[in-house]
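Letter by letter, the sequence shown follows residues 37 to 127 of this note's numbering. Note sheet for the following structure.
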Amino acid sequence: MALVYVHCPECQRIDVVPYGKQANGTQRYRCNNRDCPRTLFLLQYSDQGRLAAVKQQIVAMTLNGSGVRDIVRVLKVSSATVIDNTFAKTS
Ligand SMILES: [Zn+2]
37 MALVYVHCPE
47 CQRIDVVPYG
57 KQANGTQRYR
67 CNNRDCPRTL
77 FLLQYSDQGR
87 LAAVKQQIVA
97 MTLNGSGVRD
107 IVRVLKVSSA
117 TVIDNTFAKT
127 S
């Protein structure tokens with residue numbers, strides 16, 4: 037049996053434990069590092085809008101003058117995700 041270490045996407049440590057499942061059955065993990073801002077994470081996100089890289093791209097496209105519907109078309113995320121990210125970052 038192969039042993040695969042799961043790393044926390046925030047602090048990169050392997051001090052991670054399985055922590056329940058998503059409604060769709062995907063395994064959820066918890067980071068045990070107390071100083072880490074991230075508590076729960078998944079190995080593979082089916083919801084692309086939850087990824088930091090996608091969020092940054094939404095903000096970058098907005099700053100470059102792309103409208104909500106342009107971003108929805110290019111990044112294939114929902115309009116609610118685009119609106120949440122563009123308004124949350126400015127406050
Ligand atoms: Zn962590």
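Built from N, CA and C at the ideal position, the CB exists for glycine as well.
| field | Separation of Arg74 from Asn68, as counted between CA atoms | value | In the sequence shown, counting from the first residue as 1, residue 68 sits at position 32. In the sequence shown, counting from the first residue as 1, residue 74 sits at position 38. One C-alpha to the other measures close to 9 Å.
| query | Rounded to a whole number of angstroms, what is the C-alpha to C-alpha distance between Leu79 and Arg105? | reply | In the sequence shown, counting from the first residue as 1, residue 79 sits at position 43. In the sequence shown, counting from the first residue as 1, residue 105 sits at position 69. Looking at the two C-alpha atoms, the distance is approximately 29 Å.
| said: Which residue wins for smallest C-alpha separation from Glu46, given the options Val40, Ala59, Tyr65? | reply: In the sequence shown, the residue the question calls residue 46 occupies position 10. The option with the nearest alpha carbon to Glu46 is Tyr65.
| query | Across which residues does DSSP place Cys67 in a beta bridge pair? | reply | Reading the sequence shown from its first residue, position 31 is the one you call residue 67. Bridge partners of Cys67: Val52.
| said: ligand 1 and Arg49: does the residue's C-beta get closer than 7 Å to at least one heavy atom of that ligand? | reply: One-based indexing of the sequence shown puts residue 49 at position 13. At least one heavy atom of ligand 1 falls within 7 Å of the beta-carbon of Arg49.
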